[in-house]
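Residue numbers (UniProt numbering): 1 to 175.
We put the beta carbon where it would ideally sit given N, CA and C, even for glycine.
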């Protein structure tokens, strides 16, 4: 509903005094990149038997009182071959999102699941590019179900709250 319309003109809830819901992507950017290949050049002369470990973490923070948030997705990929670290890549992919008029119970899933889902393909591309530029075979990370990770995190927090802990289950590991 635009500001010039009559308050009684819409049936979207704004006429009843409820704030209009607004969600939008304002910016996507790479915040930090790290690539290390401690096993080179020796790793290139042996048979390639990669074992890859992927860690994910996301966090969100309000940038102002007007509903602007930064969501940061961190992916850390460690690949070993025959027990030796071939490479380690860490990417922090971030985005600025407008989240205005959305109830708190909906903000959690939005900032912790939906926004990281938007950021993931960008981080995945950066990681693939860095690994290839490092001389290694292309690495394509599998899609991630951020809804399931968020649900798992919420269950962990609820269990920890019941047990008296803090329940921070932000880091998830995939093999």
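- In the DSSP assignment, residue 103 is bridged to no other residue.
- Counting only the Cα atoms, residue 157 lies some 10 Å from residue 164.
- Here DSSP, grouped into helix, strand and coil, assigns residue 144 to coil.
- Under the DSSP assignment, residue 125 falls outside any beta strand (DSSP E), being part of the alpha helix (DSSP H) whose first and last residues are 115-133.
- Closest in alpha carbon position to residue 141, among 41, 94, 89 and 48, is 89.
- Residue 23 and residue 98 have their alpha carbons spaced roughly 5 Å apart.
- Burial is judged here by how many other beta carbons sit within 10 angstroms of a residue's own beta carbon; residue 150 has at least 16 and is buried.
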